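Residue numbers (our numbering), protein chains in the order written: chain L, 11 to 216; chain R, 420 to 1142.
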């Protein structure tokens, strides 16, 4: 299992580098570090297929692990760092139960490679507590019973935060756009609609 | 069992309304903070030291025989710790997705690589997955005996109007968001620890003991939270046994097997399909006198049973036949209110078609025949009237076929349902500690229905304490055994056992503090954190001081259900109405509004009770409009084992939902009745009826997808035809 470590800055693979790498087939020995190749006149780093060291900034803390490049951000969070708030449900970008924030934007953690998430600020549901107190969205979910089994709840809470950060006063259409990528099986949408309305009021100081 | 001191006042009943501080109010769930912060640990979240990842190789064919099985390459792979064949050469496989080999490896990618390295060759055998036509099924069709009540032939001759229609709903799956699975480890030779996603914490050890050859007493089962079950999670399942065996092979290291989403939808959930040709005979005034139905459908290999038809209304003259179709699909499991949504659609749609034939308002037709509902007819009558007001039925309703111009047609539908819901067998231990803290332990589980919170409410109210004074511990089979959470039996079971335990504990407390207050024990009451003399509140003692009289020893009392006093009964009644819009050019159905009016006896927590109704309606909208487990006749495989093509209702699909819970003395005195199942029964029928009312023709089968809607419109009259 990976570890939370003292803050260390390391380089990371940019999305641009990653895109350059994809599509190239190589036989690469089991080495930890990247191999540098020249592709289309530019130098790109090739990682894997063995485990490579990775560093992440999650909820403001630095975490390190050695992971295969094929490991998703979701699996890294859950299996390496025991941050199990984000759930694995559909595992292919449909249900939203794994929603986390990458530099403030909501993403499906099942559909982001861990190696791509390096160098970005990752916020999970565990990071929403404010000085140990519930975030207004979390409080509103409880008061409006916007949860039953609770398995979709962390994803919804994070998606609601992203929505309210962008749209402090959401219309019903904004709700559909902002939360349409999250699914609940128990049927808590009525509570979720009420919760987000309450959280929006609270954040406006109402 | 603790000694009982209760003599004269031995009354096990629920408190009168003025004695309830928490019961029946709107209480936020006690595990809410854990769930909204991500701290709540589900089985899927259990990460044990040294844990291995388990994966299963599944058969891609719906019917096949294994002719070659070679696991040697997988066994030699670095990181692979155990390879366990679950089938052998020569074994016959009866549905696509059935388990063939299980492996355990140091991590998931390695386990997946190992699965890919296993070689299996199959001899494909003929398969059959069609369930819509019993005539085409040949020997796969298994008729059951005809059932007759009254004189149906005479009644149909006597009938002034007879309608006939075909209705039904396909196989669907449970699609629990937390997949089925477990984490199993051996602690020494003979001791097993099981974390499992289950609806039956107290029932798992007994099911694993035989296959593992270990006494059930040596199997510890734990579960803090479960991410949905809906009837599909009562067993350790073959993959739970496989995880245990892999763990043993790997020297006892924990092995986690949680199903992948495709496996979850293929093999771990199925509600049987039911279709039926229904004839109903009535008098010109709408009095229904005759019923005839022939039903068919599949639940996989085991034959399906007959439906409870006609539903709710006991039509005096009936003839019923059922044909089970055996198909090569994963086995059916109980799905929230087994058989009821199907029986409800077949009955309520047939009655709605009868009303259309008679040019009657279907609400009036139901009211006219509601006496056939038996002893609960008055409740339905009252509920139908309340629902009609909340829906503005009389203002909005029009005869079948929205006459307004334009492609968007609007319509209303109504349905009624019932469910038993009596509390299950359950035991709990309630402990009062000398510092005044209170703990309740039972081997139950909270499916998201709010079980923990309900237990805390009952104990706190009985002991006159605030909610947070009571700690509820569930999810461990070392606690007193509680029934599985199925059939809406949990709330009645746990609340009754907890109430009895708390009443008995209070009696013992009264006996200890009575001398201090110069009163007899039966003169005492617990109220707002004090024990006091009834009618003389000045003579009282604080709860903590009273508990200090326990002389340093905790007081533990066992509560049981069933037991003395009628704290739980059976028979919930509910009504739902739907208001839909249908675009007759695209075939898209939209829910404008749904109303649920529901009784469930005494309500413990109004907030979570309403949530059950909202959730039931939403799950119902989902199966009415979207859900179908599509089996490909050519390959026999499920074509949509994923969540983009097995579609669940989203936030934008549900419209305005209104819930009204029946309350008051008449309901309270029946005691606690389960609520998990009832509200999911009627949506299919109510929505189907609303669509027929909007577009003028019946869409016979759910889900009401655009292709089915357009097809029914093209046939001009659908399957509903005058005989």
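Idealized CB from N, CA, C, for every residue including glycine.
Predicted model only: the values in this text are computed from it and were never measured.
Handout entry: Local conformation of residue 1112 (chain R) per DSSP, three classes
Key = Correct three-state label for residue 1112 (chain R): helix.
Exercise for the section: Look at the alpha carbon of residue 651 (chain R) and the alpha carbon of residue 752 (chain R), and state the distance between them as a whole number of angstroms. Expected result: As the crow flies, the alpha-carbon of residue 651 (chain R) is around 5 Å from that of residue 752 (chain R).
Problem - Cα-Cα separation between residue 715 (chain R) and residue 552 (chain R), rounded to whole angstroms - result: Rounded to the nearest whole angstrom, the CA to CA distance from residue 715 (chain R) to residue 552 (chain R) is 8 Å.
Practice task
Provide the residue span of the beta strand (DSSP E) that contains residue 972 (chain R), from first to last.
Solution key: For residue 972 (chain R), no beta strand (DSSP E) run applies, since DSSP gives it neither H nor E.
Exercise for the section: Give the range of the alpha helix (DSSP H) segment to which residue 924 (chain R) is assigned. Expected result: It spans 909-932 - the alpha helix (DSSP H) in which residue 924 (chain R) sits, taken as one unbroken run.
Problem - Own chain residues within Cβ distance below 8 Å of residue 178 (chain L), not counting five before or after - result: If we look at residue 178 (chain L) and ignore the five residues flanking it on each side, its Cβ neighbours are 210, 213, 214.
Handout entry: Spatial distance of residue 975 (chain R) from residue 496 (chain R) (CA atoms)
Key = When rounded, the distance between both Cα atoms is 54 Å.
Practice task
Give the interface partners of residue 752 (chain R) over in chain L, defined as CB-CB distance under 8 Å, in chain order.
Solution key: Chain order gives no chain L residues near residue 752 (chain R), where near means a beta carbon separation below 8 Å; the closest approach is about 15 Å.
Exercise for the section: Select from R:671, R:772, R:1040 the residue whose C-alpha is nearest the C-alpha of residue 1015 (chain R). Expected result: Nearest option by C-alpha distance: R:1040.
Practice task
Look at the Cβ atom of residue 1081 (chain R), then the Cβ atom of residue 1126 (chain R), and state whether they are nearer than 7 Å.
Solution key: If you check the CB distance, residue 1081 (chain R) and residue 1126 (chain R) do not come in under 7 Å.
Exercise for the section: Can you have a look at residue 814 (chain R) and say buried or exposed, based on whether 16 or more other CB atoms are within 10 angstroms of its CB? Expected result: It counts as exposed.
Exercise for the section: State yes or no: is the C-beta of residue 841 (chain R) within less than 7 Å of the C-beta of residue 706 (chain R)? Expected result: Result no, Cβ atoms of residue 841 (chain R) and residue 706 (chain R) do not sit closer than 7 Å.
Practice task
Assign residue 1053 (chain R) to buried or exposed, taking buried as 16 or more other Cβ atoms, counted over all protein chains shown, within 10 Å of its Cβ.
Solution key: Around the C-beta of residue 1053 (chain R), fewer than 16 other C-beta atoms lie within 10 Å, and the residue is accordingly described as exposed.
Practice task
Could you confirm whether any beta carbon from chain R is found closer than 7 Å to the beta carbon of residue 112 (chain L)?
Solution key: It does not; no Cβ of chain R falls within 7 Å.
Handout entry: Residues near residue 433 (chain R) in its chain [Cβ-Cβ closer than 6 Å; skip 5 each side]
Key = For residue 433 (chain R), where only same-chain residues beyond five positions count, the Cβ hits under 6 Å are 1021.
Practice task
List the residues of chain R whose Cβ lies closer than 8 Å to the Cβ of residue 78 (chain L), in chain order.
Solution key: Residues of chain R passing the Cβ test: 528.
Exercise for the section: Return the Cβ separation of residue 1108 (chain R) and residue 833 (chain R) in integer angstroms, given the expectation that the two are a contact with Cβ distance under 8 Å. Expected result: Distance from residue 1108 (chain R) to residue 833 (chain R) at the Cβ level is roughly 6 Å; contact confirmed, criterion being Cβ atoms closer than 8 Å.
Handout entry: For residue 959 (chain R), the three-state DSSP class (helix, strand or coil)
Key = Residue 959 (chain R): strand per DSSP, three-state reduction.
Problem - Contained beta strand (DSSP E) runs [length at least 3] in the segment 1054-1124 of chain R, N- to C-terminal order - result: The segment 1054-1124 of chain R contains these whole beta strand (DSSP E) runs: 1075-1080.
Problem - Residue environment, residue 860 (chain R), which counts as buried when at least 16 other CB atoms sit within 10 Å - result: Per the 10 Å Cβ criterion, buried.
Problem - Local conformation of residue 110 (chain L) per DSSP, three classes - result: Residue 110 (chain L): strand per DSSP, three-state reduction.
Exercise for the section: Give me whichever residues DSSP pairs with residue 504 (chain R) in a beta bridge. Expected result: Residue 504 (chain R) pairs with R:520.
Handout entry: Coarse secondary structure for residue 1128 (chain R), derived from DSSP in three states
Key = Reduced to three states, the DSSP call for residue 1128 (chain R) is helix.
Exercise for the section: Reducing DSSP to helix, strand and coil, say where residue 1002 (chain R) ends up. Expected result: Strand, per DSSP.
Practice task
Might you give, ordered along the chain, the residues of its own chain that have their beta carbon closer than 6 Å to the beta carbon of residue 1032 (chain R), omitting 5 neighbours on each side?
Solution key: Take residue 1032 (chain R), set aside five residues on each side of it, and the residues of its chain with a beta-carbon closer than 6 Å to its own are 1015, 1017, 1078, 1098, in chain order.
Handout entry: Bounding residues of the beta strand (DSSP E) (the contiguous stretch that carries residue 739 (chain R))
Key = 736-744 is the span of the beta strand (DSSP E), which, as asked, contains residue 739 (chain R).
Practice task
Please confirm whether residue 584 (chain R) and residue 731 (chain R) have their CB atoms less than 7 Å apart.
Solution key: Contact check for residue 584 (chain R) against residue 731 (chain R) fails: the beta carbons are separated by 7 Å or more.
Practice task
Would you kindly report the start and end of the unbroken beta strand (DSSP E) that includes residue 64 (chain L)?
Solution key: From DSSP, the beta strand (DSSP E) with residue 64 (chain L) extends over 62-68.
Exercise for the section: Rank R:458, R:560, R:603, R:556 by C-alpha distance to the C-alpha of residue 468 (chain R) and give the top, closest one. Expected result: Closest option to residue 468 (chain R), judged by alpha-carbon separation, among R:458, R:560, R:603, R:556: R:603.
Exercise for the section: Drop a sphere of 10 angstroms on the beta-carbon of residue 857 (chain R), count the other beta-carbons inside from all chains shown, and report buried for 16 or more, exposed for fewer. Expected result: Classification of residue 857 (chain R): buried, given that the 10 Å Cβ count is 16 or more.
Exercise for the section: Just tell me which of L:67, L:70, L:79, L:110 has its CA closest to the CA of residue 55 (chain L). Expected result: It is L:79.
Handout entry: Own chain residues within Cβ distance below 6 Å of residue 1007 (chain R), not counting five before or after
Key = For residue 1007 (chain R), where only same-chain residues beyond five positions count, the Cβ hits under 6 Å are 1125.
Problem - Residue span of the beta strand (DSSP E) that contains residue 52 (chain L), given as start and end - result: Annotation: the continuous beta strand (DSSP E) that includes residue 52 (chain L) extends over 52-56.
Practice task
Within the same chain, show all residues whose beta-carbon is closer than 8 Å to that of residue 169 (chain L), passing over the 5 residues directly before and after it, in chain order.
Solution key: 106, 109, 116, 188, 189, 191, 192.
Exercise for the section: Count the CB pairs spanning the segment 147-166 of chain L and the segment 194-203 of chain L that are closer than 8 Å, and state whether there are at least three. Expected result: Proximity of the segment 147-166 of chain L to the segment 194-203 of chain L meets the contact definition, three or more beta-carbon pairs being nearer than 8 Å.
Problem - Through-space distance from residue 464 (chain R) to residue 92 (chain L), alpha-carbon basis - result: Whole-angstrom Cα-Cα distance: 8 Å.
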